[in-house]
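Numbering (my numbering), first residue to last: 1493 to 1936.
Below, the structure written as structure tokens:
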């Protein structure tokens, strides 16, 4: 079996041999995207590069092991938080959020769904964590659509004649996982009505619709609801259409819920009364919050981990600390900008993230000084992996180095697939600015 690097070289050779044909294919692909759910609210929700992400079975086996180890650590961390007040004191949560996190969820999982984003070095197998997503985990529909769009990619169609590629199925597998967990719920009913909930003005509605279709194909009633439009009466949570909600697939992230708590009172009351199954419950915030990498390196955390788990964290989780005087001096970060990346301690979508290597010294100081001690974390900037790729449809049609990220989908502790993102080298992958997505294939 050829290496992934050799297979990628074959893509490059095919494209170089027919640049005009691949350009035409990419523009046809873009036209099809514009007529698809990938074009939403007058913009492209997903943009791509020409060579897809290719992994082999050995890499997938490594991803499974990464997920098993990480998930085991996170289970321990969440349970430690739930059971020990001194450990809870290490987290920056409000008293109100802490009380919501501590409410028992009534079923057999503390982390039903997640995406572990890693910088994976395909040539060596080394990897470093970027961040953790829990209930806002997304990207399944982008992966599905990119697999459809690649039919217009002549280089990939030629490669399919020589290799067997398989994809990851991310919808039915989640529906099955969700329903299996529901069977462990202490208030389960025979035929649950499922609601997918989020703030629908900002949520990925097309993805919700795809999940709803898969729930319905499984014989389960499912509707999509704005979390602000739910009602609570007679001890039950009700949808805007007047149906009792027995089970929730929660896509509303905890920070948005707490920022709009006055508008989501019905949902919060359902949480307090355990009125319905919620995947995931608010305890997932323990590992979703960007403080988690700081927490993992603390001696208090090491007290309940194995030597192997501690070594795993030391090797793969970047050193992280609150960006404040108690932990790191302002001068250290100002003078060593290429060593650090600064992130809001509880945000998503790369919003407000500053990486030192993207700025000159004056720009860096202008970014850094105002946020010191203002709710940011400081993280060491880890080595990133870059490969050659080309963007005909949305870029300049020239070869560039692209940094890559692998988002490992996790369904109740099991590896489920990869969300492949990339961006031109020299900075960070930012969804609002330079991000490209790739269909993911495993060569077999």
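Even glycine gets a Cβ: it sits at the ideal position worked out from N, Cα and C. Keep in mind the model is a prediction, meaning the values are calculated, not measured.
In terms of CA proximity to residue 1885, 1517 leads the group 1501, 1499, 1517 and 1750. For residue 1623, DSSP records a beta bridge to 1609.
When beta bridges are read from the DSSP output, residue 1891 appears opposite 1882.
Taken through DSSP and simplified to helix, strand or coil, residue 1616 comes out as coil.
Within the same chain, and ignoring the five residues on either side of residue 1814 in sequence, the residues whose Cβ sits closer than 7 Å to its Cβ are 1786 and 1869. When the Cα atoms are used, residue 1829 and residue 1629 turn out to be separated by approximately 30 Å.
By the neighbour-count criterion, in which 16 or more other beta carbons inside 10 Å mark a residue as buried, residue 1682 falls on the exposed side.
Assignment of residue 1805 by DSSP, reduced to helix, strand and coil, places it in the helix class. Looking at 1851, 1582, 1930 and 1522, the one whose alpha-carbon comes closest to that of residue 1914 is 1930. Non-local beta-carbon contacts of residue 1545 in its own chain, meaning distances under 6 Å to residues more than five positions away in sequence, involve 1912, 1930 and 1932 in chain order. Rounded to whole angstroms, the gap between the alpha carbons of residue 1916 and residue 1768 is 44 Å. Around the Cβ of residue 1897, a 10 Å sphere holds 16 or more other Cβ atoms; the residue is buried. For residue 1835, there is no enclosing alpha helix (DSSP H); the enclosing beta strand (DSSP E) covers residues 1832 to 1836. Counting every other CB atom within 10 Å of its CB across the protein chains shown gives residue 1521 a total of 16 or more, marking it as buried.
Contact check for residue 1657 and residue 1935: beta-carbon distance about 6 Å, within the 8 Å limit, so the pair qualifies. Cβ contact annotation for residue 1644 (same chain, cutoff 8 Å, sequence separation greater than five): 1517, 1518, 1520, 1521 and 1524, in chain order. A check of alpha carbon separations from residue 1730 across 1750, 1706, 1705 and 1756 identifies 1756 as the nearest.
It is roughly 19 Å from the alpha-carbon of residue 1743 to the alpha-carbon of residue 1598. Here residue 1626 is buried. Its C-beta has 16 or more other C-beta atoms within 10 Å. With a threshold of 16 other beta carbon atoms within 10 Å, residue 1871 meets it and is buried. Between residue 1877 and residue 1613, the beta carbon gap of about 4 Å places them in contact (Cβ cut-off 8 Å). For residue 1677, there is no enclosing beta strand (DSSP E), since its DSSP letter is neither H nor E.
In the DSSP assignment, residue 1547 is bridged to 1934.
Residue 1632 carries a helical assignment under DSSP once its states are collapsed to helix, strand and coil. Inclusion of residue 1847 and residue 1770 in the CB contact set at 8 Å is not warranted, their separation being larger than that value. Per DSSP, residue 1642 is not a residue of any beta strand (DSSP E), being assigned neither H nor E. With a cutoff of 8 Å on beta-carbon distance, residue 1670 and residue 1620 are scored as not near each other. In summary, residue 1835 is buried, with 16 or more beta-carbon neighbours lying within 10 Å of its beta-carbon over all protein chains present.
With 16 or more other Cβ atoms from the protein chains shown falling within 10 Å of its own Cβ, residue 1684 counts as buried.
Contact between residue 1633 and residue 1696 holds: their C-beta atoms lie close to 7 Å from each other, under 8 Å. Only buried fits residue 1540, as 16 or more other CB atoms lie within 10 angstroms of its CB. In the DSSP assignment, residue 1902 forms a beta bridge with 1606 and 1907. The residue among 1603, 1687 and 1808 with its C-alpha nearest the C-alpha of residue 1618 is 1808. Closest in alpha carbon position to residue 1502, among 1603, 1652 and 1640, is 1652. In the same chain as residue 1513, and ignoring 5 residues on each side of it, the C-beta atoms closer than 8 Å to its own belong to 1646, in chain order.
Counting only residues of its own chain and dropping the five nearest sequence neighbours on each side, residue 1699 has a CB closer than 7 Å to the CB of 1630, 1632 and 1633.
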